[in-house]
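Counting from 2, one number per residue, gives the positions in the sequence shown under the numbering used here.
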Amino acid sequence: MAGTGEHTRWVPGDQILWRYRDQGSRRGSALPPLRICRPVTVVQDTEDLLAVWMAPGTECVRPVLENGTQVHAEPLATRYTVPRTTDRYTWWGMGVLKLARPGEPWSVWLFWDRGWVFRNFYVNFEEPLTRWSSGVDSEDHFLDISVSPDRSWKWLDEDEFAQAQRVGLLDRSTAARVRRAGLAAVSVIEAWGAPFRDGWEHWRPDPAWPVPALPDDWDRTPARMPS
């Protein structure tokens with residue numbers, strides 16, 4: 002990491018953790034448990050943008066039901082009410098480039114098919130990232146947008162967004178805030194603003210970068226750092 006005045010920045014090639022907490026499970030002042038952890042490599046870290054690469058073959062953590070069922074195999078009506086735990090798995094495919102601007106309630110992910118054929122942008126609505134010494138933490142907000150190379154777009158997971166409200170994982174004010182964020186993102190997409198216009202689909206990872214390892218203490222309490 003490099004110090005830049007009051008801020009501490011990661012440098013390209015640094016390995017950090019990109020984590021998500023359980024949605025809507027806060028009780029009092031306690032933080033909800035971590036359910037997702039993805040070791041990533043820093044591509045860029047400036048006052049305007051954090052860009053990270055999740056490489057193929059990365060061991061990650063994801064939520065599963067306590068009986069071992071994958072979350073999206075559970076019917077929507079009970080998907081968010083049955084007990085959960087976590088398991089480890091290996092990320093497959095071409096890898097994912099993730100872009101996040103400080104304070105913004107979404108991150109933009111880029112996906113490719115084999116041969117580096119660009120597939121789409123994916124807008125993931127979430128709490129603005131909280132930086133800590135070894136990574137960033139957030140909480141997913143269910144709603145997403147897919148953006149095609151031809152700049153057309155569509156909402157994703159509106160059924161999950163609605164169900165999360167029905168079972169109390171998102172209260173009315175939070176849901177309204179997420180929907181406003183969605184409309185703001187649509188405005189950026191339709192204007193083809195950053196980061197969509199910035200040519201990230203042509204980016205390629207440094208072949209010398211090793212695949213980051215998932216640490217045993219992936220769910221450790223953050224050691225805070227300036228952001």
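Even glycine gets a Cβ: it sits at the ideal position worked out from N, Cα and C.
Between the CA atoms of His73 and Ala177 - distance to the nearest angstrom: 24 angstroms
Spatial neighbours of Trp210 in its chain, beta-carbon cut-off 8 angstroms, leaving aside the 5 residues before and after: Gly14, Thr42, Trp54, Ala56
Nearest neighbour of Trp10, chosen from Asp217, Gly200, Val109, Asp49 [CA to CA]: A small fix is needed here, since residue 10 is Arg in this sequence, not Trp. Of Asp217, Gly200, Val109, Asp49, the residue nearest in Cα terms is Asp49.
Close-in-space but distant-in-sequence residues of the same chain around Glu105 (CB under 8 angstroms, 5 per side omitted): Pro129
As assigned by DSSP and simplified to three states, the class of Asp23: DSSP places Asp23 in coil when its eight states are reduced to three.
Met171 versus Asp23, Trp19, Ile17, Leu18, residue with shortest Cα-Cα distance: Residue 171 is actually Leu in this sequence, not Met. Residue Asp23 is the option with its Cα nearest to Leu171.
Enclosing alpha helix (DSSP H) for Ser188 [first to last residue]: That run of the alpha helix (DSSP H) goes 173 to 192.
Contacting residues, own chain, Cβ-Cβ under 6 angstroms from Lys99 (five flanking each side not counted): Val53, Ser108, Trp110
Nonlocal neighbours in the same chain, by C-beta distance under 8 angstroms from Glu75, ignoring five residues either side: Leu66, Val83
Nearest residue (CA-CA) to Arg152, options Val124, Trp92, Arg173, Thr59: Val124
Cβ-based burial, Glu263 [other Cβ within 10 Å; buried from 16]: Summary: the structure shown does not reach residue 263, with the chain confined to residues 2 through 228, and so no result is reported for it.
Under 8 angstroms between C-beta atoms of Arg36 and Thr87: Here Arg36 is near Thr87, since their CB atoms are less than 8 angstroms apart.
Bridge partners - Asp90, DSSP secondary structure assignment: With the sequence shown as reference, residue 90 is identified as Tyr, and Asp is not the correct amino acid for it. DSSP lists Cys61 as partners of Tyr90.
Buried/exposed call for Pro213, threshold 16 Cβ in 10 Å: buried
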